[in-house]
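Visitor: Here the protein sequences come in this chain order: A and B. All letters in the first sequence, in the order written, are residues 77 to 192 by the numbering used here. All letters in the second sequence, in the order written, are residues 4 to 117 by the numbering used here. Cβ coordinates follow ideal geometry from the N, Cα and C atoms, glycine included. Since the structure is predicted, the reported quantities are computational estimates derived from the model, not experimental observations.
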Amino acid sequence: EAGVVQSPRYKIIEKKQPVAFWCNPISGHNTLYWYRQNLGQGPELLIRYENEEAVDDSQLPKDRFSAERLKGVDSTLKIQPAELGDSAVYLCASSFGGRFFYNEQFFGPGTRLTVL
Amino acid sequence: GENVEQHPSTLSVQEGDSAVIKCTYSDSASNYFPWYKQELGKRPQLIIDIRSNVGEKKDQRIAVTLNKTAKHFSLHITETQPEDSAVYFCAASKITGGGNKLTFGTGTQLKVEL
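1. Which one or two residues does DSSP pair with His-79(B) in a beta bridge?
2. At a cut of 8 Å, does the region 32-51 of chain B reach the region 13-22 of chain B through at least three beta carbon pairs?
3. Measure from the alpha carbon of Trp-98(A) to the alpha carbon of each residue in Gly-118(A), Gly-161(A), Ala-130(A) and Glu-144(A), then state which is nearest.
4. Distance check for Lys-40(B) and Ser-151(A), CA to CA, integer angstroms please.
5. Note down, in chain order, every chain A residue with its Cβ under 9 Å from the Cβ of Lys-114(B).
6. How would you label Gln-113(A), buried or exposed, when you count the other beta carbons within 10 angstroms and need 16 or more for buried?
7. For Asp-162(A), name the three-state secondary structure that DSSP assigns.
8. Which first and last residues belong to the beta strand (DSSP E) in which Phe-36(B) is found?
9. Can you tell me whether DSSP reads Asp-150(A) as helix, strand or coil?
10. Rounded to the nearest angstrom, what separates Asn-70(B) and Ala-32(B) at their Cα positions?
11. Tell whether a beta-carbon distance below 9 Å holds between Phe-141(A) and Leu-122(A).
12. Need the endpoints of the beta strand (DSSP E) that Asp-52(B) sits in, please.
13. With 9 Å set as the bound, which would you pick, yes or no: does the beta-carbon of Ile-52(B) sit closer than that to a beta-carbon of chain A?
14. Just verifying my parser: in three-state terms, what is the DSSP assignment at Glu-59(B)?
15. Is Asp-132(A) helix, strand or coil when you go by DSSP?
16. Can you find the residues in the same chain that come closer than 7 Å, C-beta to C-beta, to Gly-104(A), ignoring five residues on each side of it along the sequence?
17. According to a CB-to-CB cut-off of less than 9 Å, which residues of the region 107-120 of chain A neighbour chain B?
18. Please classify Glu-8(B): does DSSP put it in a helix, a strand, or coil?
19. Quick one: what does DSSP say Glu-90(A) is sitting in, helix, strand or coil?
20. Quick one: residues in its chain with C-beta nearer than 8 Å to the C-beta of Ser-12(B), no 5 flanking neighbours on either side, listed in chain order?
21. Given this structure, state the Cα-to-Cα distance separating Gly-4(B) from Lys-97(B), to the nearest angstrom.
22. Given a cut-off of 9 Å on the beta-carbon distance, is the pair Leu-115(A) and Ala-164(A) in contact?
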């Protein structure tokens, strides 16, 4: 079974430029998460989807970040315009959302963003 | 919101020794506590987790203990091996019907020396 797929793996851009990250979750996983991991820190949740609905986006900087999950499968996270402080690894994770059991989150390899 | 503190930030042990990493959490409603291992440049991977209705869980050389009263939980690795060297993250969550929001600690860099 394929794991969570993310692309690109690395991205270098200049500040004020736009950038987009793509995630394909594990087949059958209806819950998808986007995390940001700064150097030397743990991942921080940006947004969580249940199917195509964003159920928790309280940590997403909505002035410059946007996300979508079309048809409840793949997802795209966009930053426009990027700032120097956005340099980080952006991790996508997925889980099977069931009401009566605990849901392991499976992480993708991440996209390392460098903003110059 | 939930706040998770993790100690120590770095830990160096000799091969074969035990390693202990400790975490505290703030939200008494949290009921799920996973531990992730992240090797350099790779994705975090779940190594063990514990629910709030149990106090201890073991899986071969790895064990996790939970003290709900004190709101802290710990990861224990026995007979450490060089391949255990990595960053370990604890996390806390309240399980909801459709998924869970994990709040991570700041990580512990474990180095197992030969």
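Guide: On the basis of the coordinates in this document:
1. Val-23(B) and Ala-66(B)
2. no
3. Glu-144(A)
4. C-alpha separation (whole angstroms): 25 Å.
5. None at all; the shortest Cβ gap to chain A is about 15 Å.
6. Around the beta carbon of Gln-113(A), a 10 Å sphere encloses 16 or more other beta carbons of the protein chains shown; the residue is thus reported as buried.
7. helix
8. 35-41
9. Looking at Asp-150(A) - three-state DSSP - the assignment turns out to be coil, as it is neither helix nor strand.
10. 13 Å
11. yes
12. Counting along the chain, the beta strand (DSSP E) containing Asp-52(B) begins and ends at 48-54.
13. Sequence inspection shows Asp at residue 52(B); the Ile mentioned does not correspond to that position. For Asp-52(B), the answer is yes, since a Cβ of chain A falls inside 9 Å of its Cβ.
14. strand
15. strand
16. Phe-172
17. Per Cβ criterion, the list reads Thr-107, Leu-108, Tyr-109, Tyr-111, Gln-113, Gly-116, Gln-117, Gly-118, Pro-119 and Glu-120.
18. strand
19. coil
20. Residues of the same chain with a CB within less than 8 Å of the CB of Ser-12(B), apart from the 5 flanking positions on each side, are Thr-109, Gly-110, Thr-111 and Gln-112 in chain order.
21. 11 Å
22. Their beta carbons are under 9 Å apart, which means Leu-115(A) touches Ala-164(A) by this criterion.
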